[in-house]
Each structure stands twice: as C-alpha cells, then as structure tokens.
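Colleague:
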Amino acid sequence: DLGRPIHHLSHHLRYASFLEDIKQVNNKSAEIEQEIETSTGKYYLLRILPYLKHDGNKDGVVLSFVEITTLKALSNVVQGVLNSSFNKIMAFQAVRDEKNSIVDFNWILLNKKAEELIGKPQAQLLNTSIFTDLPFVKKSGLFRKFVEVVDLGKNLHLEQHFEIKDTKDWYEISGVKMGDGLTITMALITQKKNSEEKILLAYEDLKKAERELIRLNNKLEERVAERTQELAASEERFRLVSMATNDVVWDWDLVKNGIWWSETLQGMLGYPVQEMENGINSWLNKVHPDDREKIKKGLNQAINHGRDQWTDEYRIARADGSYAFVFNRAYILHNEYNIPYRVIGSFIDLSDLKLAQEKLQKTNEHLLRVIEDLDTFVYMASHDLKSPVLNIEGLVLLLEEEIKLSASILEKATTPIFSLIKDSMYAFKTVIDDLTDIAKVQRDVDGDAELVDLNETLEKVRANIQELAAADFVRLNIDFEVTQINFSRKNLYSILFNLISNAVKYRSPDRKPQITLKTERQNKQVVLTIDDNGLGISEENISKMFTLFRRFHSHVSGTGMGLYIVKRMMDNAGGKIEVQSHEGRGTTFKLTFTGNQYYNYKA
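Following our numbering, the numbering of the sequence shown begins with 1 at its first residue and continues without gaps.
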C-alpha cells in the first residue's frame, strides 16, 4: 500500500472529516483523537499526530489505529442500561486543587434522561464543570454533600426542591462514591409531594367541615326553636310561616286524627299535598321500617306523658324510592285541662349534612388509627433496630481487643465472638424482614387472589419448619372439608407459617405438641381453625395479641410482628381472625375467608 493516496484508505472509514483532520494536524501541529467505525462494522481509536524530524521540522503526519470494538460494544450495553432508567443518572470526577481539596466536579457520564434535564448531549458535557449547567448544586448546598460522599464515603439520600431550566420540581437524590468521584441518581417526585400536600389540605378541610357542621347544627337548633315559637303564637302566623319556609310544616289534629301538610312537602320529598292520605299514618307509613317503631314510641310517650315538645332524627321515603334523612321537631298543645289536642311540627332535610358527617367520622377514625399505628411503629421500630446494631458495635470493639492477643490463641478467642456477631446480625435481619412484610401488607402488595390448594401450601410450610418440629415430634392433625381457598397464595403461606411456627415455638414442655387444622364451609365463606395444646396466654392479654411488637413469652426469640401481619392480611382481604386461649392449655385461631364461592371440597 506504500505510495497509494491517503483518500483510498478513507473509503473504508465512516469518518466524514478524515482528510480535513489530517490537513489540520499537518498545518497546525495539533493532535486529534477520535473513535471511528470501518465499513466492516469494527471500531478503532484513531490518533493523528504531526511527524517531526530530528531537526524539529514537520514532515507529514502519523496515524495510529487501536481496535476498540469489544470496548465499544460493552460501552453501548452500559449506556443502554443507563438509558432504560426513568431516573436521571450522572457520574462526576472530582477536581482537586494543590491542597488536594475538591473544588469542582467534571462530567464523565450521563444517561438520556439526564441529557433531557440538562438540555445538552453527553458529548458537549464530558470533562466540563458541573457548575456551568447545574448552578443550583452550589446554591443549594449540594456541592458540600457531594464532597462528603467522595472524601468520607458517606452515601447521600435526600429530597430537595430545585429550579432547573425555569421549572421548579421536587427530586429524590441518591449518591454513592465511585473512585475519586461519585454517581448521582435524581428521581422526580413532584407528584408525590403534591399528593402529600393535598392530603394535609384535605385533612384541614375536613376539620373545617366538622367545625362548620357544629355551627350549622347550633344554628339549626336555634332555627327550629324559632319556628316552634312562631307556630305557637297564632294560627294565622303559623300559616304565613309555613308558606315562607323551606321546611316541611305539619299540623296534626289529635281529636280528628287529621294532618295538614305545607306545600314544601312536594319540593322536599316529591309528594303532592293533595295526594297525601288523611291521618298520622300518611306520615308514619313513609318512615323507614327500621326507624318506624322508634318514632311511634317516642311521639306517643311525649303526648301521653304531658311533654311540650318532641324531637327526633329518622329516614323517610321520597316519591322516587330513595330516603331522606330529616330532623323533626314538634310542639304539643294542651287545653285548659292539660289534655293534648294538637301537635304542630316541622322537619328539615339533613341528608347532605348527614352524609358529610358520616364521611368525616370515618375519615377521622381512619386518621386516628393511622396516627396511632404510625406512632407505635416509629417508636418500636427505632428501639428494636437500634439494639442489634449496638450489640454488633460492642462485639466488634471486643473483637478488636482480642485480635491484639498472640496468634496462637487468636482463633480460640475470636470464635465465640464471631458466633455472637452472627446471632445479632440474624436478629437484625429478622426485624428488617418483618418490617418489610408489614410495609407490603400496609400497601396490600401481593394481594391478588387465586385458587390456592391448602394441602400444597401446608406441605411447603411443613418443609420450612421441619427441623424445628422434629425436635419434639410435633403431631399435625389435618381435617380439611374445604381443600382450596380463593386467596393470595403468598399471603396464605405467610398466615399458615406464622400460626403453625408459633404453635411449635410456644409448645408446652409438659406434653407432646399437637396441632389440629380444620376447614369447613359456612354459606359462601370458608372457616379455617388452627388449634394447639401449647402454653397459651392469659385472658387479659388476648385483646393485645394482634398489637404490633407485642410478645408474651421471652424464652424463645421473636419480633412480635407475626400476628400483626396475619391480621392485616386477613383485614385487607375482607376476612377476619378470632382467637381463644387458655394459659397452660393452648390456643385456637379461627380464620374466616370471604369471597370463596369457588372453593373445592374433599371427596
């Protein structure tokens, strides 16, 4: 190939500026380094350098080719993995001054999402300062945290609000050390933050609505009292008021058993006044069957016992078949012999207020439960997680002292310490695993129901507790009328494992352990009973059995979360769990599974 024009070689390279770059190096004594691709699909690292003679004069250029096809393929794979993430991923290299202090970071890598955030491609950002395109890093104090990650090896995790390209958003930022630099992941959480703010605002709105309901109720009491006084003043005034108010006004003649209705009856309940039957039954027959006897009894007692007033709340049928919730107040008139002869009353529609009040009550009850569970969870979790960590710290310090001993006794001295470290780590891991299960149950994770075979699930449970059970030859009695349950497979396993393993762990030393599992059908429900002859618990502790972090026996290890998890699983699925226990005799759990119209029975 000697003597051939250089442009003949360029035909095999996918490098448009090949000849121009050669001329640039030859004319300006510059150096150019470039990744290129050949027509065969291979990649090379091309370097173009000026060729200098011994006297320092240029005499052409030197081209060097290093094949990087494998490295390029690996780089493409890594970049593809990074670009598949929805988060913004960036890597920075530390820039240090003469005192070895970090004064800046340069870009060394970023994925497509990060390029979209910055508004520049990776090629333009490589080896440039992050302060140019991420000015908020210095203003927000992130730079100091980045330095701590690199110099101290501390992981970074925080939520912070930034303005990037005139857009303000919340981000969850994670950072880990990488050589003399770090990798940063930014996840957009603005929607999550907005949702949290909406929940707080909704709670404040609910509290405001509750105060408004109280105010409206007080106002209602005053309004009804005013109506009653006006109706008692005179017949003419009664007629005028009945025409002027939106309340339904009624006048019951006790002597003739005739009842008069105001025209507002049709507007509230949809019944034309002229179509109403005469007599008190025209009203009582429309009262909800569940409220009717209460209204009859209360009104009769007020009349027969010489009372002046009667009030009550109840449901009454509308013409369209629905029910309105009303508040009714009546004034009982007596003659000179103190004999009641007339009852004048009115009722107003409280349906909207009642619905709002019920929703508010349910929301408050839910919030109180959440707050109580959260307080307990945070306190107890911090306590239970801290203890194993402190144990490990102390053991490691002790181990450090023991290592100072001579080599001949080192192994003997450290072996029991390593055993204690493993025990503490196992306790720590168990607590974390249980906390993870609780978090999943709170969010109803793995809750999809399917038809699950009880015998198959039980065999898996037995396999996992076989060594524990074999110690005392636990006897397992099975009486399944129903062999399949429509339930979450993973949750059913967890429920059986927790209850059976508890029965094995808390067995009585005075007798051979025996556990009985039985299923039966009740309408469209399946009832599973698990009975043991173990230690049991006292009657005063039964109500506390499903409380988080509650334990009643200290002779075996445990976290006090198992029964709490079981109950949450049953509650989330619409079922329920009940317990009976006698101290020193054993415990019986009764689990009711709903929505099991497709279960199978034992032949």
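Glycine is no exception: its CB is placed at the ideal position from the N, C-alpha and C atoms.
1) Whose C-beta lies closer than 7 angstroms to the C-beta of ASP253 among residues of the same chain, with five residues either side of it excluded?
2) Could you please give me the residues that DSSP links to LYS58 through a beta bridge?
3) Only counting the same chain, and skipping five residues up and downstream in sequence, which positions put a Cβ closer than 7 angstroms to that of ASN139?
4) Residue ranges of each beta strand (DSSP E) run of no fewer than 3 residues wholly in the stretch 110-175, ordered along the chain?
5) ASN364 CB to nearest chain C CB: under 9 angstroms?
6) Could you have a look at MET90 and say whether DSSP puts it in helix, strand or coil?
7) What are the residues that DSSP puts in a beta bridge with PHE593?
8) Rounded C-beta distance between ASN498 and VAL579? I'm assuming under 8 angstroms.
9) Is the CB-CB distance between TYR43 and ILE68 below 9 angstroms?
10) Between which residues of its own chain and LEU109 is the CB-CB distance below 6 angstroms, once the five residues before and five after are set aside?
11) What three-state label does DSSP hand PHE487 in the structure shown?
12) Using the three-state DSSP reduction, which class does LYS207 fall into: helix, strand or coil?
13) Tell me, which residues are paired with PHE480 by DSSP?
14) Just verifying my parser: in three-state terms, what is the DSSP assignment at ARG14?
15) Can you tell me which of the three DSSP states THR40 falls into?
16) What ranges does the alpha helix (DSSP H) occupy inside the stretch 312-358, keeping only unbroken runs of at least 4 residues that lie completely in it?
17) From the DSSP output, in three-state form, read off ALA503 for me.
18) Quick check: what's the CA-CA separation for GLY141 versus VAL149?
19) Identify every residue that forms a DSSP beta bridge with ASN106.
20) To the nearest angstrom, report how far apart SER351 and VAL482 are at their CA atoms.
21) If you drop the 5 nearest sequence neighbours on each side, which residues of the same chain put their C-beta closer than 8 angstroms to that of ALA356?
22) I'd like to know whether the C-beta atoms of ASP312 and LYS294 end up nearer to each other than 9 angstroms.
23) Please classify ILE339 as buried or exposed, where buried requires at least 16 other C-beta atoms within 10 Å of its C-beta.
24) From the DSSP output, which residues share a beta bridge with HIS582?
25) Could you pull the DSSP bridge partners for ALA187 from this structure?
26) Using 10 angstroms around the beta-carbon of VAL255, count the other beta-carbons present and answer buried if the total reaches 16, otherwise exposed.
27) Give the DSSP bridge partners of ARG47, in chain order.
28) Three Cβ pairs or more, each shorter than 8 angstroms: is that satisfied between the stretch 356-369 and the stretch 325-340?
29) Could you check how far apart the C-beta atoms of ASP308 and ILE332 are, in whole angstroms? I think they sit under 8 angstroms.
30) Beta-carbon within less than 7 angstroms of LEU13's beta-carbon, same chain only, minus the 5 sequence neighbours each way: which residues are those?
31) Below 9 angstroms between beta carbons: does that hold for GLN527 and PHE480?
32) Out of PHE131, GLY584, ARG462 and ARG568, which one is the CA nearest neighbour of ILE577?
33) For ASN464, collect the residues of the same chain with a Cβ closer than 7 angstroms to its Cβ; drop the 5 residues on either side in sequence, then sort them by chain order.
34) Have a look at TYR271, LEU476 and GLN301 and flag the residue whose alpha-carbon is nearest the alpha-carbon of SER322.
35) Can you give the beta carbon distance from GLU31 to VAL25, rounded, assuming they're within the 8 angstroms contact cut?
36) Taking the C-alpha atoms as reference points, what is the distance between ASP373 and ALA202?
Modeller: In short, the structure shows the following:
1) Excluding residues within five positions, the ones whose Cβ falls inside 7 angstroms are ARG342.
2) DSSP output for LYS58 lists LEU52 as bridge partner(s).
3) It is Lys, not Asn, that sits at residue 139 in the sequence shown. Apart from the 5 residues on each side of it in sequence, LYS139 has no Cβ closer than 7 angstroms to any other Cβ in its chain.
4) Scanning the stretch 110-175 for uninterrupted beta strand (DSSP E) segments of 3 residues or longer gives 156-164, listed from N- to C-terminal end.
5) Looking for chain C here will not work: only one protein chain is present.
6) In this structure, MET90 counts as strand in the three-state DSSP scheme.
7) Answer is VAL526.
8) The C-beta distance from ASN498 to VAL579 rounds to 13 angstroms, too long to meet the 8 angstroms contact threshold.
9) Contact check for TYR43 against ILE68 passes: the beta carbons are separated by less than 9 angstroms.
10) Taken in chain order, the residues that qualify are ALA91.
11) In the structure shown, PHE487 sits in a strand (DSSP, three-state: E or B).
12) LYS207 sits in a helix when the DSSP states are folded into three classes.
13) Answer is THR519.
14) Three-state DSSP puts ARG14 in coil, outside helix and strand.
15) Three-state DSSP puts THR40 in coil, outside helix and strand.
16) With a minimum length of 4 residues, no continuous alpha helix (DSSP H) run stays inside the stretch 312-358.
17) ALA503 sits in a helix when the DSSP states are folded into three classes.
18) Between GLY141 and VAL149, the C-alpha separation is close to 13 angstroms.
19) GLN93 and SER129, per the DSSP bridge assignment.
20) Going by the C-alpha atoms only, they are around 45 angstroms apart.
21) For ALA356, where only same-chain residues beyond five positions count, the Cβ hits under 8 angstroms are ALA209 and LEU213.
22) Yes, these two residues count as a Cβ contact at 9 angstroms.
23) So ILE339 ends up on the exposed side.
24) HIS582 is bridged by DSSP to GLY586.
25) In the DSSP assignment, ALA187 forms a beta bridge with GLU172.
26) VAL255 comes out exposed.
27) BP columns for ARG47 point to GLU33 and SER64.
28) Not touching, per the Cβ criterion.
29) Right, the Cβ-Cβ distance comes to about 6 angstroms (below 8 angstroms), so this counts as a contact.
30) Closer than 7 angstroms at the Cβ level, and outside the excluded window around LEU13, lie ILE36 and THR38.
31) Position check: residue 527 holds Val in this sequence, whereas Gln was assumed. No, the Cβ-Cβ distance between VAL527 and PHE480 is not below 9 angstroms.
32) Cα-wise, what sits closest to ILE577 is ARG568.
33) Excluding sequence neighbours, ASN464 sits near PHE497.
34) Taking SER322 as reference, the option from TYR271, LEU476 and GLN301 with the minimal CA-CA separation is TYR271.
35) Contact holds; Cβ gap of about 7 angstroms.
36) Taking the Cα positions, ASP373 is about 20 angstroms away from ALA202.
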